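Here the sequence shown is numbered in full-length UniProt numbering, starting from 1 and rising by one per residue.
Here a beta-carbon is modelled for each residue, glycine too, at the ideal position from N, C-alpha and C.
Keep in mind the model is a prediction, meaning the values are calculated, not measured.
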Amino acid sequence: TLFNDALEKTCHAEQAPTVELDIIKASSCSSYKDTIFYQTYKQLYSNAHLTFRKPENTQVWSVSYIGMHSQDAGGPYRDSITTMCREICSSKLSLFILCPNGRTNSGLNRDRWIPNVFSPQIKIPNKLKYQYIFIGQLMGMAIRTKNLLNLQFPLLLWKSLVYESITIEDIEAIDIQSFKSINEMEKNMKQNKIIN
Numbered sequence: 001t002l003f004n005d006a007l008e009k010t011c012h013a014e015q016a017p018t019v020e021l022d023i024i025k026a027s028s029c030s031s032y033k034d035t036i037f038y039q040t041y042k043q044l045y046s047n048a049h050l051t052f053r054k055p056e057n058t059q060v061w062s063v064s065y066i067g068m069h070s071q072d073a074g075g076p077y078r079d080s081i082t083t084m085c086r087e088i089c090s091s092k093l094s095l096f097i098l099c100p101n102g103r104t105n106s107g108l109n110r111d112r113w114i115p116n117v118f119s120p121q122i123k124i125p126n127k128l129k130y131q132y133i134f135i136g137q138l139m140g141m142a143i144r145t146k147n148l149l150n151l152q153f154p155l156l157l158w159k160s161l162v163y164e165s166i167t168i169e170d171i172e173a174i175d176i177q178s179f180k181s182i183n184e185m186e187k188n189m190k191q192n193k194i195i196n
């Protein structure tokens, strides 16, 4: 297909870089900078636009655990991706927040994460923008290599990424409490009209 031809023609054949990860630091995780995601981001972001252009079933980087003698035959690489996905969808990073249904423990999709909300008056800091871009590059890498990412995003987020229309049901699927409140207000407004 045209899509697969485009992916093949834009592959980058450069040798996979080695990412040095401090898993001891990451396990204590006193700061977002200790996460496997952030450690990987800092080492790969500047060239991710090329490095991540690998063909199907390719290991995009090798992992070397600091202070350990590990040989990466694919296991540490896959583990780094699994850990990053888990960190992206957690409170360890400030990029995503648990959807309203998760925060109120009601409705569907309680385990789904949505982009963090920033005040319209405040510009999103560049350091966060670059991390969001890196997540997008990871998604592109997953499409190219056919190694999927386990990101716990709701359907609404996936639809917005592919420019598909978002429905009221998509919003309700992540924020049932707001819809209950809106429906209650609507009901009260109708009753007030009847009384007046």
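| message | Quick check on Phe52: does DSSP put it in helix, strand or coil? | response | Taking the sequence shown and counting its residues from 1, one reaches residue 52 at position 52. Note: Phe52 maps to coil in three-state DSSP.
| request: Leaving out five residues on either side along the sequence, give the residues of the same chain with a beta carbon under 6 Å from the beta carbon of Val19. | output: By 1-based counting over the sequence shown, the position of residue 19 is 19. Around Val19: Thr40, Gln43, Trp61, Val63.
| task | Check each candidate in Asp111, Phe96, Leu108, Asn101 and name the one with the smallest Cα separation from Gly117. | result | Walking along the sequence shown from the start, residue 117 turns up at place 117. A small fix is needed here, since residue 117 is Val in this sequence, not Gly. Measuring from the Cα of Val117, the nearest candidate turns out to be Phe96.
| request: Decide if the segment 83-103 is in contact with the segment 128-140; the criterion is three or more beta carbon pairs, one per stretch, under 8 Å apart. | output: yes
| task | For the beta strand (DSSP E) containing Trp113, list its first residue and its last residue. | result | The residue given as residue 113 occupies position 113 in the sequence shown. Looking at the DSSP string, the run of the beta strand (DSSP E) that includes Trp113 is 113-115.
| Opposite Leu156 in the DSSP bridges: which residues? | As a first step, residue 156 is located in the sequence shown; it is residue number 156 there, counting from the start. Partner(s): none; Leu156 has no beta bridge.
| said: Per DSSP, what are the beta-bridge partners of Thr18 in this structure? | reply: On the sequence shown, residue 18 is found 18 positions in, with the first residue counted as 1. Ser62, per the DSSP bridge assignment.
| query | So what does DSSP say about Phe118, is it helix, strand or coil? | reply | On the sequence shown, residue 118 is found 118 positions in, with the first residue counted as 1. Phe118: coil per DSSP, three-state reduction.
| Beta-carbon proximity check, Arg86 vs Ile174, cutoff 8 Å | Residue 86 sits at position 86 when you count from the first residue of the sequence shown. Residue 174 sits at position 174 when you count from the first residue of the sequence shown. It is not a contact, given that the beta carbons lie outside the stated cut-off.
| Neighbourhood of residue 212 by C-beta, 8 Å cutoff - its chain only, sequence neighbours within 5 removed | No statement about residue 212 is possible, as the shown extent of the chain runs from 1 to 196 and does not include it.
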